[in-house]
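Student: Mind having a look at this structure? Questions to follow.
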Amino acid sequence: MNSKIAAALNEQVIFEFNASYLYLAMSIAMADAKMNGYAAWLQAQYQEELDHAHKFITYLQDCDQTITLGDIKGEACQLDNPLEVAKAVLAHEQMITSKIHALYGLAQEEKDYATVEFLSWFVKEQVEEEASARGIIDQFTFAGDSKSSQLFVDAKLGQRQ
């Protein structure tokens, strides 16, 4: 692995930790809004992003690269409407997708086939993440301003395995 790829993957580690922090902030905001099911769903997203960061760290270590951790930028979530949070989740997942695609393109350009293979999992994962976010947007859109419908969606989200 060349230094260009190693640096880009190290940046992604930091980005994944920042993403986890953002999901934690969203989870707290939804808990404060008494949307406990959605808060639990977002808490699971928080953990998933931590897992992604650890996958990158393990891969870098397996390739005998140095891990350089940067600062985590805390982002408070000022949203209290579940539909707006869902839209923010989708926008964030789309940003993650663009970063993963850029890494994948760089790995191809640098002919780092092991990294291309490693990143393939993340490319597929992002398809699922965006589809999930769009589904939640649809559910809260259909619920509209009906508190009982929103609570039904919230309860379904809380059943995430």
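In terms of my numbering, the sequence shown is residues 1 to 161.
C-beta: ideal position from N, C-alpha, C; glycine also.
A quick note: this is a predicted structure, and the numbers were derived from the prediction, not measured.
#1: Counting only the same chain and skipping the five closest in sequence on each side, list residues whose C-beta sits under 7 Å from that of Q12.
#2: Exposed or buried, which one is H54 when buried takes at least 16 other CB atoms within 10 Å?
#3: Following the continuous alpha helix (DSSP H) through Q94, name the residue where it begins and the one where it ends.
#4: Less than 7 Å between C-beta atoms, sequence neighbours within five positions excluded: which residues of the same chain meet that for C63?
#5: Please check the pair A29 and A86, which I expect to be a contact at CB under 8 Å, by giving their CB distance rounded to whole angstroms.
#6: In angstroms with no decimal places, state the Cα-to-Cα distance between D154 and D112.
#7: Between which two residues does the alpha helix (DSSP H) containing K55 stretch?
#8: Give me, in chain order, the residues of the same chain whose beta-carbon lies closer than 8 Å to that of V116; leave out the 5 immediate sequence neighbours on both sides.
#9: Assuming the contact rule is C-beta atoms closer than 8 Å, A25 and A76 should be a hit. Round their C-beta distance to whole Å, please.
#10: Is DSSP giving G135 helix, strand or coil here?
#11: How about L69 and E16: are their beta carbons less than 9 Å apart?
#12: State the CB to CB distance for the pair L162 and H92, rounded to an integer number of angstroms; the pair is presumed to be in contact (CB under 8 Å).
#13: Going by C-alpha distance, which of G37, A39 and L60 is nearest L119?
Tutor: So, to answer that:
#1: F56, K99 and L103
#2: So H54 counts as exposed.
#3: Start and end: P82 to E109.
#4: M1
#5: A Cβ-Cβ separation of about 12 Å leaves A29 out of contact with A86 under the 8 Å criterion.
#6: One C-alpha to the other measures close to 43 Å.
#7: N36 to D62
#8: Within the same chain, V116 has close Cβ partners Y104, A107 and Q108.
#9: Correct: roughly 6 Å between the Cβ atoms.
#10: Under the three-state reduction of DSSP output, G135 falls in the helix class.
#11: no
#12: Because the chain spans 1 through 161 in this model, residue 162 falls outside it and cannot be assessed.
#13: L60
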